[in-house]
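Mapped onto our numbering, the consecutive letters of the sequence shown carry residue numbers 65 to 356. Working notes, structure below.
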Amino acid sequence: MTDYMITAGINIIAVANQKGGVGKTTTTVTLAGLLAQQGYHTLMVDLDPHGSLTSYFNFDPETIKDSVYNLYQQAVNKTPLVIDKIIQATGFERLSLFPASTALATLEKQLGGRSGMGLVLAQALKQLDKTYQYVLIDCPPMLGMLMINALAACDQLVIPVQTEFLAIKGLQRMLRTLKMIEHSLHTPVSYHVLPTLYDQRTRASKECLQTLREDYKTHISRAVIPVDTKFRDASYVGKPLSMMAANTHGVLAYSQFLEEIGAGDIKHSDNATVQQQVNKQINNSADYQQAM
Ligand code: ADP
Ligand code: MG
Numbered sequence: 065m066t067d068y069m070i071t072a073g074i075n076i077i078a079v080a081n082q083k084g085g086v087g088k089t090t091t092t093v094t095l096a097g098l099l100a101q102q103g104y105h106t107l108m109v110d111l112d113p114h115g116s117l118t119s120y121f122n123f124d125p126e127t128i129k130d131s132v133y134n135l136y137q138q139a140v141n142k143t144p145l146v147i148d149k150i151i152q153a154t155g156f157e158r159l160s161l162f163p164a165s166t167a168l169a170t171l172e173k174q175l176g177g178r179s180g181m182g183l184v185l186a187q188a189l190k191q192l193d194k195t196y197q198y199v200l201i202d203c204p205p206m207l208g209m210l211m212i213n214a215l216a217a218c219d220q221l222v223i224p225v226q227t228e229f230l231a232i233k234g235l236q237r238m239l240r241t242l243k244m245i246e247h248s249l250h251t252p253v254s255y256h257v258l259p260t261l262y263d264q265r266t267r268a269s270k271e272c273l274q275t276l277r278e279d280y281k282t283h284i285s286r287a288v289i290p291v292d293t294k295f296r297d298a299s300y301v302g303k304p305l306s307m308m309a310a311n312t313h314g315v316l317a318y319s320q321f322l323e324e325i326g327a328g329d330i331k332h333s334d335n336a337t338v339q340q341q342v343n344k345q346i347n348n349s350a351d352y353q354q355a356m
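Dropping the structure here:
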């Protein structure tokens, strides 16, 4: 896609990083929640065998009967890919979930080396063209067939990176993986690096953000996701944070990011103003003090 412009039809955004705990699931839930609230029919896909996204919405990935796993069984059996019967309502308007089951962990072993498995998700999502405007894919923290499926299916890739130095190494690894996959897909993937868990009171966070901005000039987002304890509260009650507390600094930062990548309602607001607002909230937030 050029200039990250969203065209009519379905827009697929994958959220991936091989490092765990960087905010992939939080990013998926928050962006999807915001898009649903803006009036877009939005589907979240859980490709992580841990099923954190699935658990977030109170489904049990250990016991769930139908999941993303079915899709690969259908592909192996060469039966038509049926996705709509597996999709679950979340209880929130316009927000649906394509759940994971822990059985997904066995897929790599079962299907490793079998050809044609990389495009299964892309083909299945094509059927949904008229039903959803946005699909957000939460990727597993490892390179394998599921990650390849996500990258082959997406229009844009978001790589959340925790603002600490070890995470930069993880980002380099993720980008090497991306290069390899792009090579085998014969198509470039447009990606955005999204700094997460930013703690402006620590030197490590500030220096890390500066390094990211210098090293990934054209890919780094202006939006920076701050540490916001409300994300944990939201996961506890199983709601996207924007549906609980729309004006917290974390949600504002994710809204800014959506605008930046040309997704959702583009208000053409001045991003600098939004960031100022976010910074002000960070300074004032009592929660933030608690988080330290
Ligand atoms: P991943 O999916 O990459 O493993 P998660 O989204 O599950 O990462 O985040 C890991 C943990 O950090 C979770 O407990 C989550 O609630 C918390 N978290 C994520 N983003 C933030 C944030 N911006 N502020 C505070 N806590 C966060
Ligand atoms: Mg996760």
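Backbone N, C-alpha and C fix where the C-beta goes; we use that ideal spot for every residue, glycine too. Being a predicted model, the structure only gives us computed values, none of them experimental.
Pair within 8 Å by beta-carbon distance, residue i and residue j
i, j, result
"D112", "C203", "yes"
"A214", "L185", "yes"
"V109", "F162", "yes"
"L316", "L95", "no"
"Y196", "I284", "no"
"M368", "L175", "Any property of residue 368 remains undetermined from this structure, which presents the chain solely from 65 to 356."
"Q191", "I147", "yes"
"T260", "V225", "yes"
"L258", "I223", "yes"
"E172", "M211", "no"
"V291", "Y262", "yes"
"R277", "E324", "no"
"T90", "F295", "yes"
Contacts around residue i, its chain only, beta-carbon distance under 8 Å, and the 5 residues preceding and following it disregarded
i, result
"F156", "G97, A100, K303, P304 and M307"
"Q137", "none"
"Q187", "L145"
"A268", "T227, E228 and F229"
Extent of the continuous beta strand (DSSP E) to which residue i belongs
i, result
"A78", "N75 to V79"
"F162", "L159 to F162"
"T143", "Looking at the DSSP string, T143 is not in any beta strand (DSSP E), and its letter there is neither H nor E."
"I201", "Y198 to D202"
Unbroken alpha helix (DSSP H) run spanning residue i, endpoints
i, result
"Q236", "F229 to L249"
"M307", "That residue, M307, is in no alpha helix (DSSP H); it is neither H nor E in DSSP."
"T118", "S116 to Y120"
"I284", "That residue, I284, is in no alpha helix (DSSP H); it is neither H nor E in DSSP."
"I325", "I325 -> no alpha helix (DSSP H), and no H or E assigned at all."
"F295", "K294 to V301"
"K270", "R267 to D279"
"L210", "M209 to A217"
"Q174", "L171 to L175"
"V86", "Taken as a continuous stretch (DSSP letters only), V86 belongs to no alpha helix (DSSP H), as it is neither H nor E."
"Q187", "V184 to K190"
Bridge-paired residues (DSSP) for residue i
i, result
"L261", "Looking at the DSSP assignment, L261 forms no beta bridge with any residue, so it has no partner."
"Y104", "For Y104, which the question treats as bridged, DSSP gives no partner whatsoever."
"H256", "V222"
"Y318", "Y318 pairs with nothing; no bridge assigned."
"A153", "S160"
"V109", "F162 and I201"
"P290", "Y262"
Residues near residue i by beta carbon distance below 7 Å, same chain, minus five either side
i, result
"A153", "S160"
"Q82", "P205, M206, L207, G234, R237, M238 and T241"
"I150", "D130, S131, N134 and F162"
"T143", "none"
"S299", "Y120"
"S319", "L98"
"T275", "I232"
"D193", "G73 and I74"
Residues near residue i in its chain [Cβ-Cβ closer than 6 Å; skip 5 each side]
i, result
"I76", "V199, A217, C218 and D219"
"G84", "P205"
"L183", "A216"
"Y104", "Q197 and Y198"
"A139", "V184"
Quiz: which residues have CB nearer than 5 Å to the ligand MG non-hydrogen atoms = K88, T89 and S116
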